[in-house]
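So the sequences go chain by chain: V and X.
Positions 1226 to 1381 (this note's numbering) are the ones given, in order, by the first sequence.
Positions 512 to 595 (this note's numbering) are the ones given, in order, by the second sequence.
Beta carbons are placed, not taken as given, at the ideal position from N, Cα and C, and that holds for glycine.
A quick write-up on the structure given underneath.
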Amino acid sequence: MAGPVLPVVRLQAEDFDIGEEIARLTTGNSDVGAVVTFSGLCRGEQGSLSALELEHYPGMAEAEIARIAKEATERWPLAGLTAIHRYGKIRPGENIVLVVAASAHRQAAFEAASFLMDFLKSRAPFWKKEHHADGSKGGWVDAKESDDAAAARWKP
Amino acid sequence: MTKLVYFAWVRERIGKPEEDVVVPAGVDTVADLLVWLKSRGDEYQTALRHPEVIRVAINHEHVDHETRIAGAGEIALFPPMTGG
């Protein structure tokens, strides 16, 4: 392979099409033997949640995800890597985030996708605010220590 | 002038998304900046009551509280991140 691939990083309010994003990495590239996708969705929390509001830091959010994605392409032999994160109001059942990792073999694709998600959760500047279905005042979602621990396990 | 930008509950508690400030002499590090900001009013006191949880970025890159702020164009203050 001729050096690390250039990752695709997108931030957008609108939804994404997982099939299209896979095709973008595989079409015309017959060296791809494995594609791993991870998509994160908004949970309804047993009907109590009407929406999540995703706030982000424009400029830094793209830059930070690009830094994490670049590290993944340097660490694993990838044929393609895509990360898409939505912002704005997202309702239960809708997509929030997508990672697509393509490689010759499955191990690199699985690990790169997992690595990217772990670091994205603890380092990409996004914040979720809950909107409650019953109209009561929602609050900011607290960060989980388990997310920091998940990122720490990738330390060389 | 240094541009400060705030996000999520830091922004809500301070009551504005951004502001330009003249950082006084002697305020050298991120930790110093947080102490100085807390002295600027009740809203800052509330937002920065637990400075150890505040995450900081200078010019779009994460930094720790010991980092010197000299030459920073944009300093962002925000809570731990909850994306993904």
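Member of the options whose CA lies at the smallest distance from the CA of residue i
{"i": "residue 521 (chain X)", "options": "X:582, X:566, X:540, X:531", "result": "X:566"}
{"i": "residue 1374 (chain V)", "options": "V:1346, V:1258, V:1320", "result": "V:1346"}
{"i": "residue 516 (chain X)", "options": "X:571, X:546, X:556", "result": "X:571"}
{"i": "residue 1321 (chain V)", "options": "V:1338, V:1231, V:1240", "result": "V:1240"}
{"i": "residue 1230 (chain V)", "options": "V:1285, V:1262, V:1303", "result": "V:1303"}
{"i": "residue 524 (chain X)", "options": "X:535, X:557, X:589", "result": "X:557"}
{"i": "residue 1308 (chain V)", "options": "V:1358, V:1237, V:1269, V:1381", "result": "V:1237"}
{"i": "residue 519 (chain X)", "options": "V:1267, V:1341, V:1363, V:1261", "result": "V:1363"}
{"i": "residue 595 (chain X)", "options": "V:1337, V:1270, V:1264", "result": "V:1264"}
{"i": "residue 561 (chain X)", "options": "X:573, X:548, X:569, X:531", "result": "X:548"}
{"i": "residue 1325 (chain V)", "options": "V:1297, V:1228, V:1272, V:1378", "result": "V:1297"}
{"i": "residue 1343 (chain V)", "options": "V:1361, V:1273, V:1378", "result": "V:1378"}
{"i": "residue 1268 (chain V)", "options": "V:1287, V:1372, V:1310, V:1319", "result": "V:1319"}
Interface flag, residue i vs chain V, CB-CB below 9 Å
{"i": "residue 591 (chain X)", "result": "yes"}
{"i": "residue 584 (chain X)", "result": "no"}
{"i": "residue 587 (chain X)", "result": "yes"}
{"i": "residue 530 (chain X)", "result": "no"}
{"i": "residue 558 (chain X)", "result": "no"}
{"i": "residue 563 (chain X)", "result": "no"}
{"i": "residue 516 (chain X)", "result": "yes"}
{"i": "residue 537 (chain X)", "result": "no"}
{"i": "residue 594 (chain X)", "result": "yes"}
{"i": "residue 576 (chain X)", "result": "no"}
{"i": "residue 554 (chain X)", "result": "no"}
{"i": "residue 581 (chain X)", "result": "no"}
{"i": "residue 547 (chain X)", "result": "no"}
Below-9 Å beta-carbon distance, residue i vs any chain X residue
{"i": "residue 1345 (chain V)", "result": "yes"}
{"i": "residue 1243 (chain V)", "result": "no"}
{"i": "residue 1354 (chain V)", "result": "yes"}
{"i": "residue 1279 (chain V)", "result": "yes"}
{"i": "residue 1319 (chain V)", "result": "no"}
{"i": "residue 1372 (chain V)", "result": "yes"}
{"i": "residue 1335 (chain V)", "result": "no"}
{"i": "residue 1265 (chain V)", "result": "yes"}
{"i": "residue 1379 (chain V)", "result": "no"}
{"i": "residue 1270 (chain V)", "result": "no"}
{"i": "residue 1357 (chain V)", "result": "no"}
{"i": "residue 1349 (chain V)", "result": "yes"}
{"i": "residue 1289 (chain V)", "result": "yes"}
Residue i - containing alpha helix (DSSP H), residue span
{"i": "residue 1268 (chain V)", "result": "Looking at the DSSP string, residue 1268 (chain V) is not in any alpha helix (DSSP H), and its letter there is neither H nor E."}
{"i": "residue 1275 (chain V)", "result": "Run containing residue 1275 (chain V): none in the alpha helix (DSSP H); it sits in the beta strand (DSSP E), 1274-1281."}
{"i": "residue 1347 (chain V)", "result": "1331-1348"}
{"i": "residue 1377 (chain V)", "result": "1370-1377"}
{"i": "residue 557 (chain X)", "result": "553-558"}
{"i": "residue 543 (chain X)", "result": "541-549"}
Residue i and residue j closer than 9 Å at C-beta
{"i": "residue 578 (chain X)", "j": "residue 540 (chain X)", "result": "yes"}
{"i": "residue 1334 (chain V)", "j": "residue 1365 (chain V)", "result": "no"}
{"i": "residue 546 (chain X)", "j": "residue 512 (chain X)", "result": "no"}
{"i": "residue 1233 (chain V)", "j": "residue 1328 (chain V)", "result": "no"}
{"i": "residue 589 (chain X)", "j": "residue 1350 (chain V)", "result": "yes"}
{"i": "residue 1262 (chain V)", "j": "residue 1376 (chain V)", "result": "no"}
Residue span of the beta strand (DSSP E) that contains residue i, given as start and end
{"i": "residue 1321 (chain V)", "result": "1320-1328"}
{"i": "residue 1313 (chain V)", "result": "1313-1315"}
Quiz prompt | the region 544-560 of chain X / the region 1303-1317 of chain V touching (three or more Cβ pairs under 8 Å) | solution = Contact between the region 544-560 of chain X and the region 1303-1317 of chain V is absent, because fewer than three Cβ pairs lie under 8 Å.
Quiz item: Below 8 Å, can you find three or more Cβ-Cβ pairs linking the region 1240-1258 of chain V to the region 1284-1299 of chain V?
Solution: Contact fails: fewer than three Cβ-Cβ distances are below 8 Å.
Quiz item: Three or more C-beta pairs closer than 8 Å, one from the region 1346-1363 of chain V and one from the region 1274-1284 of chain V: is that the case here?
Solution: By the C-beta criterion, the region 1346-1363 of chain V is judged to be in contact with the region 1274-1284 of chain V, since at least 3 inter-stretch pairs fall below 8 Å.
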